[in-house]
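Numbering (the numbering used here), first residue to last: 11 to 280.
Now the structure itself:
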């Protein structure tokens with residue numbers, strides 16, 4: 011689905027079904043230097059099981075136009091602007107890594123519109139090491155390789171989605187390189203990392219969230235260790251689901267990830 015948000019083209023994948031705003035809505039928000047494609051399995055499953063699905067490309071990422079926005083807070087507002095353009099008044103928000111902070115801000119800024127908050131591979135504060143930030147600035151290709159190594163705890167896909175023998179690390183490396191190369195106005199990888207590192211409004215945002223919240227975390231995550239999320243989980247009174255995975259949970263444990271999202275959303279429905 012393509013629409014216009016504040017004069018710029020915005021894209022969201024609807025899971026292979028036309029968007030029906032009358033159905034319970036789910037918004038999937040990707041992380042740094044990613045796009046909607048990291049949510050393909052989840053988006054398709056929910057779209058084919060009675061939900062209106064929007065797996066977004068954030069501004070300046072993937073198929074969405076415009077400049078990359080300058081803060082997590084601005085991106086939180088952009089989510090609701092996109093939903094307004096799509097004719098959706100209320101939605102469950104699911105975000106991964108940087109996207110989890112955006113989902114948190116969105117749920118805090120318009121709490122009456124958020125039916126559920128799911129934070130995947132999250133941490134707060136989401137500080138990035140100075141070494142990685144500097145590498146992302148000076149040599150983004152090298153930084154992409156570093157992050158790729160940190161993001162997985164196993165070598166091959168399970169015999170399900172995306173298919174037996176699929177090279178998870180290679181696919182994610184190719185995705186990040188493609189997203190980085192397409193954005194010529196700035197170093198997008200360094201930009202996204204700086205947004206995560208600078209975000210300091212998590213506990214204040216948590217105090218304004220009124221919907222049920224779940225954390226879905228990789229117990230072997232080297233990017234956002236589960237122990238880094240405890241204070242935020244307590245503030246949100248979140249239920250935590252630990253999966254045997256690294257940071258790229260959707261790729262590494264697709265079936266368990268889908269199961270965790272389904273369970274989370276049934277706690278109070280969407």
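Quick reminder that beta carbons are idealized off the backbone N, C-alpha and C, glycines included.
- Residue 219 and residue 117 have their C-alpha atoms spaced approximately 6 Å apart.
- In the structure shown, the three-state DSSP call for residue 11 is coil.
- C-alpha of residue 101 to C-alpha of residue 260: approximately 20 Å in a straight line.
- Taking 4 residues as the minimum length, the alpha helix (DSSP H) runs contained wholly in the segment 162-239 are 178-192, 198-208, 212-218, in order along the chain.
- Assigned with DSSP and collapsed to three states, residue 159 falls in helix.
- By DSSP's assignment, residue 58 forms no beta bridge with any residue.
- With a cut-off of 8 Å on Cβ pairs, the segment 173-191 is not in contact with the segment 241-249, counting fewer than three such pairs.
- Burial is judged here by how many other beta carbons sit within 10 angstroms of a residue's own beta carbon; residue 144 has fewer than 16 and is exposed.
- One Cα belongs to residue 203, the other to residue 150, and the distance between them is close to 11 Å.
- For the 7 Å CB-CB criterion, residue 71 and residue 154 do not form a contact.
- In this structure, 103 is the residue among 80, 103, 34, 134 with its C-alpha nearest to the C-alpha of residue 90.
- Residue 98 sits buried, since 16 or more C-beta atoms from the chains shown fall within 10 Å of its C-beta.
- Our two residues, residue 48 and residue 243, have alpha carbons roughly 24 Å apart in a direct line.
- Leaving aside the five residues that flank residue 83 on each side, the residues in its chain whose CB is nearer than 6 Å to its CB run, in chain order, 115.
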